[in-house]
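Q:
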């Protein structure tokens, strides 16, 4: 058997080479990467975006730095959400306007007697069914906006997608696996209201994470880049300690 | 012979405007009831999905959204009962 596969020999070598002083850094340091708690980290190590703002307590905010009372099920115990974004509210105007118009359609039919051939009881039930459909459409659109979120934590980037009632997708990428961050700001509304799409290329199984139509894409991109640098520095300092 | 057979099996002369209306509207009523029943299934799915969403992203608003989901399901059931009683 080649020596490289002989774990017993490898263990003996490491015991011989290891210093006997229990207080030396080599014995204290954990060879696996440990997550630093927030208390261990210097606050000014984070980007200005997070270090200078007060924690956001607004539940409906589309751009919340250090959101309070918020957690995600894939979150690790020491992991803290530093930034939460969802689609810019102005992009939701379409379904709000559509919902209002759909609500007004039965009023239109009350002025224009197209459906008068129906018996009265069918008329009432048809209107009831119509309003139920409008309600379900609005509820679905709201849930789609509220729960489709993207997060930057102190360790990872998390993308939560619920495309429909039956589809759920959570993608995560560790900060040190991110290769490239691209922003796309398109359209008049995007320029006026400062929203766009942030594409994050990763080296993991999921090759790309997408923050779609999020507010302040430039700030988000800068923040992610600063977090990557900070993560690299942290890994470098841990490597030096080991 | 053929005419006699068809009139025996399909008594078209007995169909007047009123009975045709009753047939068509009866069919529409059944379609409505099927639609309301399918809506209950949709509302149930929505409750399940809200529960999944609530467990995925934990926010202070989650319990309220869950209540809205259950109220939506209750509304769908009441609408079905109302439609069934009102149309029949």
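Protein chains in written order, with my numbering: chain U, 6 to 247; chain E, 6 to 93. Beta carbons: idealized from backbone N, C-alpha and C, even for Gly.
1) Got a sec? Which residues, its chain only, sit under 7 Å from residue 150 of chain U by beta carbon, not counting five neighbours each side?
2) Quick one: which chain E residues come within Cβ less than 7 Å of residue 78 of chain U?
3) Rounded to whole angstroms, what's the CA-CA distance from residue 34 of chain E to residue 115 of chain U? Just pull it up for me.
4) What does the alpha-carbon distance come out to for the pair residue 59 of chain E and residue 65 of chain U?
5) By the three-class DSSP mapping on this structure, what secondary structure does residue 118 of chain U have?
6) Can you check whether the CB of residue 156 of chain U is closer than 8 Å to the CB of residue 77 of chain U?
7) Pick helix, strand or coil for residue 173 of chain U, following the three-state DSSP scheme.
8) With distances taken from CA atoms, which of U:228, U:146, U:63 is nearest residue 205 of chain U?
9) Can you check whether the C-beta of residue 63 of chain U is within less than 8 Å of a C-beta belonging to chain E?
10) How would you call residue 193 of chain U, buried or exposed, if buried means at least 16 neighbouring beta carbons within 10 angstroms?
11) Run through the DSSP bridge pairs and tell me what residue 157 of chain U is partnered with.
12) Where does residue 171 of chain U land, buried or exposed, given buried means 16+ other C-beta within 10 angstroms?
13) Mapping DSSP to helix, strand and coil, what is residue 210 of chain U?
14) Select from U:127, U:216, U:159, U:164 the residue whose C-alpha is nearest the C-alpha of residue 38 of chain E.
15) Answer with yes or no whether the minimum CB distance from residue 75 of chain E to chain U is below 8 Å.
16) Roughly how many angstroms separate the alpha carbons of residue 190 of chain U and residue 73 of chain E, rounded to a whole number?
17) Just the chain U side, please: which residues come within less than 9 Å of residue 66 of chain E by C-beta, in chain order?
18) Keeping to the same chain, check which residues put their C-beta closer than 6 Å to that of residue 130 of chain U; ignore five residues upstream and five downstream.
19) Under three-state DSSP, which class holds residue 235 of chain U?
20) Which residues in the same chain as residue 84 of chain E place their Cβ atom closer than 8 Å to its Cβ, once the five residues preceding and following it in sequence are excluded?
21) Would you tell me roughly how many angstroms separate the C-alpha atoms of residue 161 of chain U and residue 99 of chain U, rounded to the nearest one?
22) Can you tell me which of E:28, E:31, E:29, E:51 puts its alpha carbon nearest to the alpha carbon of residue 79 of chain E?
23) Using alpha carbons as the reference points, say which of U:167, U:107, U:225, U:152 lies closest to residue 140 of chain U.
24) Any Cβ of chain E within less than 8 Å of the Cβ of residue 124 of chain U?
25) Closer than 8 Å between beta carbons: that is the criterion. Which residues of the region 25-47 of chain E meet it against chain U?
26) So is residue 74 of chain U in contact with chain E if we call contact Cβ pairs under 8 Å?
27) Specify the secondary structure class of residue 222 of chain U as computed by DSSP and reduced to three states.
A: Let's see:
1) 91, 92, 97
2) 60, 61
3) 21 Å
4) 15 Å
5) coil
6) yes
7) strand
8) U:228
9) no
10) exposed
11) U:88, U:162
12) exposed
13) coil
14) U:127
15) no
16) 35 Å
17) 64, 65, 151
18) none
19) helix
20) 41, 44
21) 32 Å
22) E:51
23) U:107
24) yes
25) 30, 33, 34, 37, 40, 41, 44, 47
26) yes
27) helix
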